Amino acid sequence: MKKIWLAITFSISLVAFSQQAQANTTEEGQQYTPSVALLVDYVDSRGDMFGVTIAAKHFDPDYADWGYYIGYAWGDKYDLDVPEPGEGYAKEYMWRFGLSYSLTQDLSVYGGATAYIYEENTTDNIVPFIVGGEPVWERSRNKEWGAEFGVRYNVTKGFVIGAGYDTSADAAIFSIGVTM
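The opening position of the sequence shown corresponds to residue 76 in my numbering, with each subsequent residue numbered one higher.
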């Protein structure tokens with residue numbers, strides 16, 4: 076279902092902004108202005124992660140169409156189903172970094188690598204027969220590398236939105252932020 080919504084979002088975005096992209100191109104080349112965006116991200120994963128991304132673009136005059144970004148997202152811990160009397164919870168984290176390419180001053184596509192970390196903590200709640208004994212918690216941590224891709228659009232001067240897809244978390248990524 077997530078993939079269907081993501082495909083619909085990308086299709087609508089490309090159709091809606093294709094007229095704008097064509098209107099902004101000139102015969103003599105495009106002159107982009109440098110900018111930095113600070114974005115708040117929502118990652119639609121198992122535990123719903125929120126994050127922050129910094130995206131810079133157009134600072135190198137030799138590669139004015141290109142930019143780069145780095146981001147970090149984290150989720151709240153959520154309970155796992157384990158047999159009674161045990162208990163458990165899970166956490167998720169994600170690092171994101173990559174390159175972006177501007178189609179126009181306002182519309183850019185991005186892609187990069189992600190490191191998705193999924194951590195489970197469980198216990199069987201069996202306490203050893205000693206004074207002050209506590210149940211033993213076991214942690215398993217998995218790191219998965221993946222790729223992501225998406226689009227960002229400057230709606231107005233100073234306001235940017237984005238949508239993307241991450242393969243490691245199998246999740247859609249939605250971003251909103253400001254440019255400076």
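Ideal Cβ placement from N, Cα and C applies to all residues, glycine included. Predicted model only: the values in this text are computed from it and were never measured.
Can you tell me whether DSSP reads residue i as helix, strand or coil?
i: Thr-101; result: Residue placement at Thr-101 is flagged as unreliable, the pLDDT there being 47, under the threshold of 50; the coordinate-derived value follows with that caveat. Looking at Thr-101 - three-state DSSP - the assignment turns out to be coil, as it is neither helix nor strand.
i: Asp-137; result: helix
i: Leu-155; result: coil
Decide if residue i is buried, meaning its Cβ has at least 16 other Cβ atoms within 10 Å, or exposed.
i: Asp-156; result: exposed
i: Val-226; result: buried
i: Gly-146; result: buried
i: Ser-183; result: buried
Whole angstroms is fine: what's the gap from residue i's alpha carbon to residue j's?
i: Glu-209; j: Glu-162; result: 14 Å
i: Tyr-193; j: Val-206; result: 34 Å
i: Asp-181; j: Met-124; result: 27 Å
i: Tyr-240; j: Asn-217; result: 20 Å
i: Met-255; j: Val-230; result: 14 Å
i: Val-118; j: Asp-151; result: 12 Å
i: Thr-242; j: Ser-177; result: 23 Å
i: Trp-220; j: Phe-204; result: 42 Å
i: Glu-159; j: Glu-213; result: 16 Å
i: Val-111; j: Tyr-228; result: 13 Å
Cβ atoms of residue j and residue i: under 9 Å apart, would you say?
i: Tyr-107; j: Asp-140; result: yes
i: Lys-244; j: Thr-189; result: In the sequence on display, residue 244 carries Ala and not Lys. Going by C-beta atoms, Ala-244 is nearer than 9 Å to Thr-189.
i: Gly-142; j: Arg-171; result: no
i: Ala-148; j: Glu-195; result: no
i: Tyr-144; j: Glu-167; result: no
i: Ser-215; j: Met-169; result: no
If you drop the 5 nearest sequence neighbours on each side, which residues of the same chain put their C-beta closer than 7 Å to that of residue i?
i: Leu-113; result: Ile-129, Gly-252, Val-253
i: Val-211; result: Thr-198
For residue i, collect the residues of the same chain with a Cβ closer than 8 Å to its Cβ; drop the 5 residues on either side in sequence, then sort them by chain order.
i: Tyr-109; result: It is Pro, not Tyr, that sits at residue 109 in the sequence shown. Once the five neighbours on either side are set aside, the close Cβ partners of Pro-109 are Ala-131, Lys-132, His-133, Phe-134.
Residues in its own chain within less than 6 Å of residue i by CB, not counting five upstream and five downstream?
i: Gly-186; result: Gly-173, Phe-224
i: Ser-250; result: Leu-114, Asp-116, Gly-237
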